[in-house]
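Here is the structure we will look at, set down as structure tokens.
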Amino acid sequence: MDDCVECSVVKQMLTAEGIPFEIRNITKSEEYKKEVEKYGFLGVPVTVVGDRAVKGLNQELVELIQLQK
Numbered sequence: 001m002d003d004c005v006e007c008s009v010v011k012q013m014l015t016a017e018g019i020p021f022e023i024r025n026i027t028k029s030e031e032y033k034k035e036v037e038k039y040g041f042l043g044v045p046v047t048v049v050g051d052r053a054v055k056g057l058n059q060e061l062v063e064l065i066q067l068q069k
């Protein structure tokens, strides 16, 4: 989402670590919204790697990013 501050921070974190990512804007795609809901989340950001999904900015996200290095 364009006005999502946390989303921007996650993008900056991934970029800084050189981790490629795909942005899936749930406000522009019902399919993407359903994907987020599939993981049990209603809001964003949701970071998905493989079968693991993390909501928001937290230690779990930091650990997930570290595993991708």
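For the sequence shown, the UniProt record's numbering assigns the number 1 to the initial residue and increments by one for each residue that follows.
We put the beta carbon where it would ideally sit given N, CA and C, even for glycine.
A quick note: this is a predicted structure, and the numbers were derived from the prediction, not measured.
The continuous alpha helix (DSSP H) containing V9 extends over residues V5 to A16. DSSP places K55 in the strand class (E or B) of the three-state scheme.
Listed in chain order, the non-local C-beta contacts of Q12 below 8 Å within the same chain number zero, local neighbours out to five positions each way being set aside. Within 10 angstroms of the beta-carbon of V5 lie fewer than 16 other beta-carbons, which makes it exposed. In terms of Cβ geometry, V10 and I26 do not form a close pair [threshold 9 Å].
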